[in-house]
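For the sequence shown, position 291 (counting from the first letter as 1) is numbered 291 according to full-length UniProt numbering, and the numbering increases by one without interruption.
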Amino acid sequence: MSSGRRRKGIREVAAAAGVSVGTVSNVLNSPDIVAVDTRKRVERVMHELGFVRNGLARQLREGRGSTVGAVVLDIGNPFFTEVARGIEDRLAEAGCLLTLCSTDQRPEREARYVQMLEEHGVRGLLVTPSRRDFTSLLAVQRRGVPVVLLDCPSPAEELSSVSIDDVRGGELAAAHLVSQGHRRILFLNGPAQVMQCAARSRGARRAVRQAGLDPSRHLFEVEMSRADTDRAEHTLKQILALPQRPTAIMCVSDMVALGVMRGLRKQGVKVPDDIAVVGYDDVPFAAELATSLTTVRQPTYELGHAAAEILLTEADPAVPTRPQQLVYQPELILRESA
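Here it is in structure tokens:
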């Protein structure tokens, strides 16, 4: 990395604890044979030095470490499938492998994957955070493992990021529906702690206000614990039972839009004649639906490719770098659904 930091190894731990390298190795591999006081002293020093057990340390020192870890929210979402393809293509050019982990939007799973990947000596990490606390990722970065935030703007100067302007994306979707005369717009959103969901919500409200309308009267948001096709279809059933149905539904993703359109079809509701639908992502199936989906396009492949490029640069100790924040702009794609 550009900072010149490197991970603390067994020799540094041994020196700081006043024991031999063999003793440190025993603490790691056969702790029962080490005296309790000695083991506790070594473990305390490991914690103080930020030591991370690394089974591939020798390969990395010899320049043979070739794996990059990517931790994303949901690999079942075609958005992340396309992002992963961009990452993998760039890593393949550099002779690197990709280890891909899906958190299912669960912070505890994210933390476990990040720890496991670091312990296995990855060259660097690409992470789509499932929460707004970046403390653990900053700690990983400071221990000498490059971290690039994926599909998420960086809140800290130390972390590079490649993201898409989700506020603008939410604004584009809502502004289009307002311009079509819709005044009862439902926004089917994902969990509020996911920053992309919160950003799209801000953009949608801003678009409604800019049209001279009150968001509290004309934009109604439903937060789903999991933004997927089945959950969207289930939520839609409850919405259609309300006395006043929405005239338009804005979806946080194309997968959610797919569930909505499937549910509307089952209920005999015509799209867009009865209810208009706008998606988000422009995944490959969006243009192939019976009623093609109006959606917000994200440059997903480019996002993954660029994130991998930044990570590879930061992982090269011979190349001086500074953290980068790259932001792509979304685009509204008009089709039949709205």
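Ideal Cβ positions, reconstructed from N, Cα and C, are used throughout, including at glycine. All values reported here derive from a predicted model rather than from experimental measurement.
With DSSP as the reference, please indicate the residues paired to residue i in a beta bridge.
i: Gly124; result: Val68
i: Asp281; result: Arg297
i: Ala276; result: Ala248
i: Ser163; result: Val327
i: Ile310; result: Partner(s): none; Ile310 has no beta bridge.
i: Thr99; result: Gly69
i: Leu186; result: Phe220, Ile249
i: Ile333; result: Thr295
i: Cys148; result: Before going further, note that residue 148 is Val rather than Cys in the sequence given. BP columns for Val148 point to Leu126, Ser160.
Note down, in chain order, each residue of its chain lying with its Cβ closer than 8 Å to the Cβ of residue i, except the 5 sequence neighbours on either side.
i: residue 343; result: Examination of residue 343 is not possible in this model, given that the chain is present from 1 through 338 alone.
i: Arg262; result: Thr229, Glu233
i: Cys96; result: Ser66, Thr67, Val68, Arg123, Leu312
i: Ala156; result: Phe134, Leu138
i: Gln244; result: Arg184
i: residue 339; result: There is no way to answer for residue 339, as the model of the chain reaches only from 1 to 338.
For the putative contact between residue i and residue j, defined by C-beta atoms under 8 Å, what is the C-beta separation to the nearest angstrom?
i: Leu177; j: Met250; result: 6 Å
i: Asp166; j: Gly190; result: Not a contact, Cβ separation roughly 11 Å.
i: Glu309; j: Arg90; result: 6 Å
i: residue 387; j: Thr23; result: Because the chain in this structure spans residues 1 to 338, residue 387 falls outside the shown range and cannot be described.
i: Gln267; j: Ser154; result: The pair is not a contact, with the Cβ atoms about 43 Å apart (cut-off 8 Å).
Report yes if the C-beta distance between residue i and residue j is below 8 Å; otherwise report no.
i: Gly279; j: Ala306; result: no
i: Val222; j: Leu188; result: yes
i: Ala17; j: Val42; result: yes
i: Asp273; j: Gln298; result: no
i: Val327; j: Ser163; result: yes
i: Leu159; j: Pro323; result: yes
i: Leu138; j: Val72; result: no
i: Gly304; j: Ile10; result: no
i: Arg200; j: Val252; result: yes
i: Val277; j: Ala338; result: yes
i: Glu336; j: Ser292; result: yes
i: Arg184; j: Gln329; result: no
i: Leu236; j: Val260; result: yes
i: Leu289; j: Ile275; result: no
i: Thr295; j: Glu82; result: no
i: Cys152; j: Met195; result: yes
Residues in the same chain with beta-carbon distance under 6 Å from residue i, minus the five sequence neighbours each way, listed in chain order, please.
i: Leu186; result: Phe220, Pro246, Ile249
i: Asn77; result: Met255
i: Arg109; result: Thr103
i: Pro107; result: Ser130, Arg131
i: Val319; result: Thr313
i: Leu60; result: Caution applies to Leu60, whose pLDDT of 45 falls short of 50 and renders its modelled position unreliable; the value that the coordinates give is listed next. Gly121.
Looking only at its chain, what residues have a beta carbon closer than 7 Å to the beta carbon of residue i, apart from the 5 residues adjacent to it on each side?
i: Ser136; result: Ala111, Val114
i: Val208; result: Ala174, Val178, Pro215, His218, Leu219
i: Ala28; result: Checking the sequence shown, residue 28 turns out to be Leu, not Ala. Closer than 7 Å at Cβ, skipping near neighbours: Arg53.
i: Asp74; result: Phe80, Ser102, Asp104, Gln105
i: Gly50; result: Lys8, Arg143
i: Gly63; result: In this prediction, Gly63 scores a pLDDT of 44, lower than 50, which makes its location untrustworthy; the coordinate-derived value is nonetheless stated afterwards. Result list for Gly63: empty, nothing under 7 Å.
i: Arg85; result: Tyr301, Gly304
i: Cys197; result: Asn189, Gly190, Pro191, Val252
Could you tell me whether the Cβ of residue i comes closer than 8 Å to any Cβ of chain B?
i: Ala290; result: Structure shown: chain B not included; a single protein chain is present.
Closer than 7 Å to a non-hydrogen atom of the ligand ATP - does that hold for the CB of residue i?
i: Gln210; result: With respect to small molecules bound, the structure shown includes none, and the ligand ATP cannot be examined in it.
Using 8 Å as the threshold, is the segment 169-187 in touch with the segment 18-38, meaning 3 or more CB pairs across them? no
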